[in-house]
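Just below is one structure, and these are the notes that go with it.
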Amino acid sequence: MAASPARSPLRARRFGAVCLCVALAVLVGVGLAGGTAAAQSEATIEDVTVAPDESLAGVSDTHTVTVETANASQANARVELDLTGWSAEQTKSVDVATGVATAGPTNDSVRVKPKSETVVVDVRVAHPTAAGEVPIEAALIKKSGERIASETATVDVQSIGFDPSLGSSEIDAYGAEDDHTTGLSGLGSAAPGRNVTISSPDLTDDELFEMLDGDEQSSVERRGDEIRVAPPGQGPGIELSARDFDAATYRFDLSPVGSEVETRLELEVVDPEIDGSFGTDRHEVAAGDMVTVDVELENAEGAYLLVGADHKQREGRPTNYFDILYVEGADNVTINTRLLGTDAGTDEIYQADGTVESYLNGDADGNTRLSEVRFRGEDGRRNWESLTAFRAEMGMSAQPWPIQPERYRFVLGADGTVELREDGIADFAHPIARSNLQLTDPGVESIETYVAPRGAANEPNSPSGPDSLEGLLERTTQRETVAKEDRLVVEVNATGIYGALHYLADGGVAGFGGGVHPEDAQKLLDKHEGVILEALQTDMDENEPRTELDLGRATDGEAYLLPDIDENNERVVDGRFYLVVDTRDAGAFDGTFSDGESDDFEFEYGYESPPEERYRFGNDALSATRPPAFDPESEPTEDGTEHYPYLNRAETGTTETVPFTVAESYAEYDQTTTEGAVALSNGTNVTLTGETNVAPASEFYIQIVADDRSNPTRITIDDVNVTESGAFEATRDLSALRVGEGVEVEFYAEDRIVDKRAGVVSGDRGTPSRFVIREAPERVELDPGERATVEAVIENTGAATESKPIDLRVGDADVDSIQRTLAGGANRSVGLEAGTLEAGTYPYVLSTPDDEAVGRLVVGNETDGGASESEEGNESDGGGSGRDEGSEDGGGGETNDSDDGSGAESTDESDGDDGGDDPGFPSEVVGLLGAFAGAVGTEHAVGGAAVVGAAHVLGYWA
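The structure is reproduced here in structure tokens:
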């Protein structure tokens, strides 16, 4: 065998290096393995979390704390939660969800042995009231107590924003709701979904509950000995009311339920400085009319007004009318006393520029200020739910008729709390002013008639404007006779109908400013309210139908009623009204006016009621409902007598009457001819006078038309003054007229012609015509037994055609008279008879109103029995001219001829007169005829002639 070769030194060195490397590797591996094992046995806290990690200050809540550990169980370490960051009173409970509690839990900490690497602990705490981060520390602790690791988590405590506040820190103890209440807000921010407790050191729980109106506010509740309110979102807003609480400072403590947060609020309750007054302490008006109550308020937008509910003046029980009003934004309230207590609407009974609500009329229902009205006893222990119940407690009876003449109270209240006083009278708990409504007995004082210019009944014809009573009265004249085409205005001074008239005229709201349509006035008459308003004809013939006023058929242009409204309030009447009737036709009447004649009427106004009866509402008045205003139980009697609401069983009524006449229009001139023509002159300042029955306030003018020319002339006299008596006067330059020309004179009133007649232009208006005697014989010779006739020519030297008398006088006796008509410048022959005369000489006088001529009647031989010396002297004097020397139109030539002849005759007769007995009339007859003539006057000349004839028959004449 072969022997092994020996190893070389290089190989040996390689083997040694490998062995060394292996040894080093083993040493390193052993070291690494020991380090890893040591590292894996050390316990640590990997993470700490809190859920939720945010919460609200002051709120108790549960937080879950989770602790993630490593090697805690191998190291036999414990997990401890340190709660010392929370005050002891805030830590409510600690529950270990994962792990085993080995110490605690306490309010300060809990120590847990982990069953795994995760420890979960539920901690319920009350958060601090201050915002901020509150820590929760987790630590690993060895059995020996050595803390080997720790980590901290925080809870972010946020402010809850609980900031409650009052809408106002000062409110009134009474008054309007807005003034004695305030809102409580800022509650919901504390803890959404949570209620808030409220308490007060100044109030009992019952008082606090009342201030919060807990019985009415669903958001307010009692919970044990707490009062809780729901924040907005859980219920309606919260209000506090200081009504019925004394003035003081009240403190309130509020805290969210389950929270330690608490806020204190303070509320100052003060007595309001509300003041008010009435315009007068006594508002007097006739029952059934309208009255205005002036109200003034200070420091308040509105107030309550108590009406009625007082003791009657003559009895110990209260009046049967009671209402509570709320008035806002108005300085006055107008009350229709006829409608009080009836089913009329509030705005028909009470009118104002602002707001008026009536409890009696049902306005307390709903969201109105009257919903704040409360009825209670004066001691505050008794309450009544409604006005009806309160009335029953007071013993108030039903209202059987419109409220009667009596005193009714007005009380102004700052608050709607109505109390029943110990004396049984209702009053406000907080009255601020008092007054009275005194209703007086209505009646009729007087009636007057006036006339107004032509026009529609509803047109005043005045610059004062349409529908103006003042404008109408400016143009009226008091008279009992109205000319057709003018307006009759009847003034009725009466009270007691204006409330009914106002209601029926326009629904009772607008007022009387535009007057009352006749149909509306007729509505009142048709209601059978016992009102008499009529105008009846009184002078109709036996078989002639009566004409009478009929407002129901009239238009407002034919008849119109104008109440005399108060200058400050168009709803209130000052105790009178005016009935205006247009007489251009009989449109306002049932019947017609007489054509060309006048008609007499009697206007009557008044109130009536049957004896032993009176006006009474229907059965509804006996129930709680308000009766209809114009539907009475009482009916007219068989004879048609109606029931006036304000007459009692012992009264039958009162009326006033006044006559008036509807006459044809006329205008008469003072200076006219006997034919009626107007006497004119062509002077520069001619005044026409006369009389008219047309209304003096009319617009008059006179036109004079001269159309008998190639260029007709028209003269207008615009300035015609007419007095209240009807006398007129008009002055104008008429120099454009020509003497003797015929003209037409037209008299106008309100552009209608009243009179048209002829006019005569003369040089002298005083004598537009002159009947001058021409060719009258100075001597008429007769045989005995022959009838004596005196003939002459009569000439009208004036311009006017007239009819005038021509008279013959023999001795002292008027023996004949005739009437003749002569145009201007015309003449005619006339003959007047003296009958048969005895032998003798008789003086005669032939005369007209403007002239006279004298002469002698000679019967037989003049020497047989001449006239006496005195008669001769008379004949000589009278016959010397044969004319009236005052006549400017006597005619000079004829006058001279007569004078010459008269003188010669006078001389002869004087020579033959021996002063013996008059062979003519015996002295007894002459005396008798003279006496008779003196007694009967010249107008009865024919009668005188008859006496002469009688004397002849008796044998005094041959």
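So the sequence shown is residues 118 to 1075, counted in our numbering.
Glycine included, every Cβ here is placed at the ideal spot set by N, Cα and C.
Extent of the continuous beta strand (DSSP E) run through residue i
i      : result
MET407 : 407-415
ILE819 : 817-823
GLY723 : 716-725
GLU197 : 195-199
THR314 : 313-316
THR534 : 534-537
GLY876 : 869-879
ARG345 : 343-346
GLY425 : 419-425
THR161 : 161-168
Where residue i falls, given that 16 or more other Cβ within 10 Å makes a residue buried
i      : result
GLN98  : Any answer about residue 98 is impossible in this case: the structure gives the chain only from 118 up to 1075.
PRO662 : exposed
VAL313 : buried
SER172 : buried
PRO318 : exposed
ASN575 : buried
ALA509 : exposed
VAL274 : buried
GLY744 : According to the sequence displayed, residue 744 carries Pro and not Gly. PRO744 should be labelled buried.
VAL182 : buried
ALA611 : buried
LYS260 : exposed
ARG399 : exposed
SER336 : buried
GLN936 : exposed
PRO960 : buried
ASP924 : buried
PRO389 : buried
Beta-bridge partners of residue i, as assigned by DSSP
i      : result
GLN639 : Paired residues: none, contrary to the question.
ARG896 : ARG973
VAL837 : ALA847
HIS100 : This structure leaves residue 100 out entirely; the chain is present only between 118 and 1075.
ASN686 : ASP683
TYR786 : GLY807
ASP544 : GLU536
Chain-order list of residues whose beta-carbon lies under 6 Å from that of residue i (same chain, five-residue window excluded)
i       : result
GLY995  : Residue placement at GLY995 cannot be trusted, given a pLDDT of 39 that sits under 50; what the coordinates show is reported in the next sentence. The answer, listed in chain order, is VAL971.
GLU863  : GLN820, ILE870, LYS873
ASP90   : Lying outside 118 to 1075, the shown extent of the chain, residue 90 is not represented and no answer is given.
ALA1104 : Residue 1104 cannot be examined here, being either before or after the span of the chain that is shown, 118 to 1075.
ASN416  : GLU390, ILE391
PRO922  : SER934, GLN936
ALA461  : ALA746
The alpha helix (DSSP H) enclosing residue i, as first and last residue numbers
i      : result
PHE629 : PHE629 -> no alpha helix (DSSP H), and no H or E assigned at all.
TYR615 : 615-623
ALA506 : 504-511
ASP295 : 294-297
ASP370 : It is not in any alpha helix (DSSP H) - ASP370 instead sits in the beta strand (DSSP E) that spans 365-373.
LEU589 : 586-590
Close beta carbons around residue i, own chain, < 7 Å, minus the five adjacent residues each side
i      : result
VAL387 : GLU287, ASP289, ALA290, ALA364
PHE694 : VAL609, LEU678, LEU679, PRO680, ASP681
THR590 : Checking the sequence shown, residue 590 turns out to be Leu, not Thr. None.
Residues near residue i by beta carbon distance below 8 Å, same chain, minus five either side
i      : result
GLU383 : SER286, THR366, TYR367, ARG368, PHE369
THR884 : GLY915, ASP967
VAL450 : THR409, VAL410, VAL412, LEU422, LEU442, VAL444, TYR467, GLN468, ALA469, VAL473
THR271 : VAL167, ASP170, GLU250, VAL251, PRO252, ILE253
GLU343 : THR314, SER316
GLU816 : PRO570, ALA866, GLU867, ASP868
VAL147 : Note that VAL147 scores 44 on pLDDT, short of 50, meaning its location in the model is unreliable; the coordinates nonetheless yield the value given after this. Excluding sequence neighbours, VAL147 sits near nothing in its chain.
Exercise. Looking at C-beta atoms only, is the number of pairs between the region 966-978 and the region 894-912 that lie closer than 8 Å three or more?
Worked result: Output reads yes: the region 894-912 touches the region 966-978.
Exercise. Below 8 Å, can you find three or more Cβ-Cβ pairs linking the region 520-534 to the region 679-688?
Worked result: Output reads no: the region 679-688 does not touch the region 520-534.
Exercise. Any chance the region 712-730 sits against the region 638-650, with 3 or more Cβ pairs inside 8 Å?
Worked result: yes
Exercise. Between the region 846-862 and the region 824-831, are three or more C-beta pairs nearer than 8 Å?
Worked result: yes
For this session: Indicate whether the contact test is met: 3 or more Cβ pairs, each with one atom in the region 588-602 and one in the region 537-557, closer than 8 Å.
Result: no
Exercise. Three or more beta-carbon pairs under 8 Å between the region 484-492 and the region 769-779, yes or no?
Worked result: no
For this session: Pair every Cβ in the region 780-789 with every Cβ in the region 746-759, then say whether three or more of these pairs are closer than 8 Å.
Result: no
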